[in-house]
Each structure stands twice: as C-alpha cells, then as structure tokens.
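What follows is a single structure, written as structure tokens, with notes after it.
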Amino acid sequence: MSRPVQYNINGESDLKLVREGPEGLGGEGFFATSLDKVVGLARKNSIWPLPFATSCCGIEFMATMGSHYDLARFGAERVGFSPRQCDLLMVMGTIAKKMGPVVKQVYLQMAEPRWVIAVGACACSGGIFDTYSVLQGIDQIVPVDVYVPGCPPRPEAILDGFMKVQELVGQESLRRRNGEKYKALLGSYGIQ
Amino acid sequence: MAVTNEMIKQKLTEKFGEQVSGFEEPYGMLTFETPKDNNLKVLQFLFDDEELRFRFLTDLQAVHFPANTGRELAVVYHLHNLVDNVRIRMKIFSDISHPEVYTATKLYASANWMERETYDFYGVNFIGHPNLKRILNVEEMDYFPMRKEFPLEDQTRRDKDDEMFGR
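In the order they appear, the protein sequences are chains F and H.
As numbered in the numbering used here, residues 1 to 192 make up the first sequence, in order.
As numbered in the numbering used here, residues 193 to 359 make up the second sequence, in order.
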C-alpha cells in the first residue's frame, strides 16, 4: 500500500511559511519586520558550503549532496570550491596535525560572516585516532559552530547539523561579528 | 653462475670475514648483520660486484629493541637484484644514545626519502644526508614517536579521562 503523500506544511492552511517566519506586521500584500531578520532569512536559505572532505565522512557528504538526500533543498545547491565565495566550512574527516595549518588557511580565506561545521567523530574530537599524528578536534585551530557526531554520520545527521547551522545563521545579530566577544573568540585562536 | 644465498654468503665472507655475521634465511631470504661503521662498504660491494648487482634499495627502516642494551636501534636495508630477482636483507645495530649511521644516499637515491622518514620516526642520525629533517610529522614535533618509550596516544590532549581510555 502506498504511503499517503505528506507535505512539510502540517496545517490546513498554506500560510505556514508566513506563520513560521519572523515576527512582524503583516497584512494583505505586505509584511514588515526588522532588517536583522530579513538578512537572516536570506542568509540561512542561501548558504554556500565549502566541503573540506578528507575521508569517509566526505563520502557521506557526497550522498547528502546527491538526489536522494539533496542538500539543495536547504538552499545549499551551490557547493563552492573557492573559500573566498563560501559561507560554511564543512570539515569532514580526519585532520592530521600536518593538515591543521591548511584548514586554518582555508578558514582565514573565507569572508565574514563564516560558519564552521565539524562532521564526524574525527573532525569533532580526533575520533578513534588518539595518536601523535592526528589533530584532536578541529576546534583546536578554528572556532566550530556545529558538531555532527557519528563515525561516519548518516546523511540525515549531516542534514540535521546543517539545519542547526541554518538556525544559527537565521538568528545571528548583524552586529555580532563586530562585537568584542567575537573578536575575543577569534583572538583565542590567534586570528586577528 | 646463479645468484644463490650460499653464493652471496660465500662472497661476503670472503670479502669481509668477521665483519659480516648472523646469517639466517627466514622464508628463504638471506639476512645478515654488519657493524654500523661498515654499512657503506658492504652496500658498495653488493652494488658494484659484477655478479651480485644489488642495485635497487627496496626499503630502509629502523626497529627499536629497548631491551637490547647497547644495540637498541636496528637499521634494516632491503636490497634487490633486479636482473636475477634476488632479495637480501642487511641489518646494522646502533646504541640509542649515539644513533649515528652513514647515509646510503650517495649509493641509492631512493635512500633520501626513506632515511628522512627513519630519522623522523626513530631519530637515526644519518651522517652525510643532504636534507635530514622531518618529512611526515609536523616540524614542531620534539620527539621520535615510534620509539617504544613514547605512548601512542596524543599527550597534548586534556579532555580525556585516562581511566575511561585504559591508559
């Protein structure tokens, strides 16, 4: 027996998108809200990911990009391979200590605002590679916004992590990147 | 004259006498030992001899035997005669406090990479090597990780409970 077709919109009305949108004043043909929220909406639905894939988590990411799981549904159709164009650094796989400076360089080349997601146990914490040659988590060299555990995580988990990033991006204040707190965070990684 | 283990052994003994010892043939591969100051002379002989022709260095690496006092570090050369398809293995042993060994780079160009790797992991100091610095590990590393006194785990890590990880 075939499953009944369901839509993301659970209610009876198709006004859900507006209902889930930011707070503001709406009426027939217009909607007013703060600039922060509009920019947040635009950013979170057009994230350009930069895949930094070194091992099996990268294979899971390829599945995530494929038609079955389809990261494009979240506005991330365009996977950029130049850090200067991208918003989200996705580090997937084991990062050896010798690779650490490369990850940091890629992060530095990205323009603000930028986000980082660590996919898989190795990128999060070194994973099973508790050894002299492997970086014990990329958060030792770059600030990480979202961690996706798993060895490797399934595409659903990567999508979940991506949606968490979208949440962060959508709610971020426009002033955050100019704040003292953010500067202190970057300073703790030795980034000016 | 076919290149056999007996023939190689005989030639080596004729040339070097007491300087080559410990002949064995595990799985049919001739293995012997020589004092570490003598390594280049033996390699040169094996390379130059018209019948032996061991002109390809397959592999070069070290082994650490902590219990072997005064002979802790072994450096092992795997040689190949490509014409007759014969392989042999030569070992030298060194005191770990003075791990100086003459470089084989002048004889075998392939020794360049492998000696750097051996230095990187075991700290064998190859005298005369053109560029003896770390090759696989980060340059800031201040120890030789494959020596047995160093634990495998990353010692810079603070967030692991030793009891949970069987340390």
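Glycine is no exception: its CB is placed at the ideal position from the N, C-alpha and C atoms.
Just so it is clear, the structure is predicted and the values come from calculations on it, not from any experiment.
message = Under 8 angstroms: do the segment 150-164 of chain F and the segment 63-73 of chain F share three or more Cβ pairs, one atom per stretch?
response = Touching, per the Cβ criterion.
inquiry  = If I measure Cβ to Cβ from residue 272 of chain H and keep anything under 6 angstroms in the same chain, skipping five residues before and after, which residues do I get?
reply    = As a position in the second sequence, residue 272 of chain H is number 80, starting the count at 1. Within the same chain, 248, 250 and 279 come within 6 angstroms of residue 272 of chain H by CB-CB distance, once the 5 residues on both sides are set aside.
task = Quickly, what does DSSP pair residue 225 of chain H with across the bridge? List them, please.
result = As a working mapping, residue 225 of chain H is identified with position 33 in the second sequence. H:213 and H:283.
query = Using a Cβ-Cβ distance under 8 angstroms, would residue 136 of chain F count as near chain H?
reply = For the purposes of this step, residue 136 of chain F is identified with residue 136 of the first sequence, where counting begins at 1. Closer than 8 angstroms: yes.
ask   = If we ignore side chains and look at the alpha-carbon of each, how far apart do residue 328 of chain H and residue 94 of chain F end up?
value = Taking the first residue of the second sequence as position 1, residue 328 of chain H is located at position 136. Taking the first residue of the first sequence as position 1, residue 94 of chain F is located at position 94. Rounded to the nearest angstrom, the two C-alpha atoms are 16 angstroms apart.
task = Closer than 7 angstroms by beta-carbon distance: list the chain H residues that pair up with residue 97 of chain F, in chain order.
result = Numbered from its first residue, the first sequence carries residue 97 of chain F at position 97. Annotation: Cβ neighbours of residue 97 of chain F in chain H (cutoff 7 angstroms, chain order): 330.
query = Within the chosen definition, does the segment 107-115 of chain F reach the segment 318-334 of chain H through at least 3 CB pairs nearer than 8 angstroms?
reply = Taking a cut-off of 8 angstroms for Cβ pairs, the segment 107-115 of chain F and the segment 318-334 of chain H do not touch, as fewer than three such pairs fall below it.
ask   = Can you find a C-beta in chain H that's less than 8 angstroms from the C-beta of residue 46 of chain F?
value = Counting from one through the first sequence, the residue named residue 46 of chain F turns up at place 46. The beta carbon of residue 46 of chain F sits no closer than 8 angstroms to any beta carbon of chain H.
request  = Give the interface partners of residue 55 of chain F over in chain H, defined as CB-CB distance under 8 angstroms, in chain order.
outcome  = Position 55 of the first sequence, counting from 1, holds the residue named residue 55 of chain F. For a Cβ distance threshold of 8 angstroms, nothing in chain H lies close to residue 55 of chain F: the least Cβ distance comes to about 17 angstroms.
query = Are the C-beta atoms of residue 337 of chain H and some chain F residue less than 8 angstroms apart?
reply = Position 145 of the second sequence, counting from 1, holds the residue named residue 337 of chain H. Yes - at least one Cβ of chain F is within 8 angstroms of the one on residue 337 of chain H.
query = residue 47 of chain F to residue 53 of chain F, Cα distance in whole Å?
reply = Taking the first sequence and counting its residues from 1, one reaches residue 47 of chain F at position 47. Taking the first sequence and counting its residues from 1, one reaches residue 53 of chain F at position 53. So the alpha carbons of these two residues sit roughly 18 angstroms apart.
key: Amino acids of chain H, ordered along the chain, whose beta-carbon sits closer than 7 angstroms to that of residue 133 of chain F   = As a first step, residue 133 of chain F must be located in the first sequence, where it is residue number 133. The contacting residues are 329.
ask   = What did DSSP end up calling residue 323 of chain H once you bin it into helix, strand or coil?
value = Here the question's residue 323 of chain H lines up with position 131 in the second sequence. Three-state DSSP puts residue 323 of chain H in coil, outside helix and strand.
inquiry  = Quick test of your reading: residue 169 of chain F and residue 37 of chain F, contact by CB under 8 angstroms. State the CB separation rounded to the nearest angstrom.
reply    = Taking the first sequence and counting its residues from 1, the one referred to as residue 169 of chain F is at position 169. Taking the first sequence and counting its residues from 1, the one referred to as residue 37 of chain F is at position 37. With a Cβ gap of about 12 angstroms, residue 169 of chain F and residue 37 of chain F do not count as contacting.
ask   = Taking Cβ to Cβ, would you say residue 267 of chain H is nearer than 8 angstroms to residue 234 of chain H?
value = The residue labelled residue 267 of chain H in the question sits at position 75 within the second sequence. The residue labelled residue 234 of chain H in the question sits at position 42 within the second sequence. Contact flag unset, no.
task = Give the DSSP-derived three-state secondary structure of residue 62 of chain F in the structure shown.
result = Taking the first sequence and counting its residues from 1, the one referred to as residue 62 of chain F is at position 62. Residue state for residue 62 of chain F is assigned as helix, using DSSP reduced to three classes.
task = Figure out for me which residue from H:332, H:281, H:310 and H:304 has the closest Cα to the Cα of residue 216 of chain H.
result = Stepping through the second sequence from its first residue, residue 216 of chain H is reached at position 24. Nearest C-alpha to residue 216 of chain H: H:281.
query = Alpha carbon to alpha carbon, how far is residue 164 of chain F from residue 86 of chain F?
reply = Counted from its first residue, the first sequence places residue 164 of chain F at position 164. Counted from its first residue, the first sequence places residue 86 of chain F at position 86. So the two alpha carbons sit approximately 18 angstroms from each other.
request  = Please list the segments of the beta strand (DSSP E) lying wholly inside the segment 287-321 of chain H, counting only runs of 3 or more residues, in order along the chain.
outcome  = Fully enclosed beta strand (DSSP E) runs of 3 or longer: 292-294 and 317-319.
inquiry  = Given this structure, state the Cα-to-Cα distance separating residue 167 of chain F from residue 98 of chain F, to the nearest angstrom.
reply    = For the purposes of this step, residue 167 of chain F is taken as residue 167 along the first sequence, with counting starting at 1. For the purposes of this step, residue 98 of chain F is taken as residue 98 along the first sequence, with counting starting at 1. Straight-line Cα distance between these residues: approximately 33 angstroms.
query = So, helix, strand or coil for residue 24 of chain F, using DSSP?
reply = Translated into positions along the first sequence, residue 24 of chain F becomes position 24. It is coil, neither helix nor strand.
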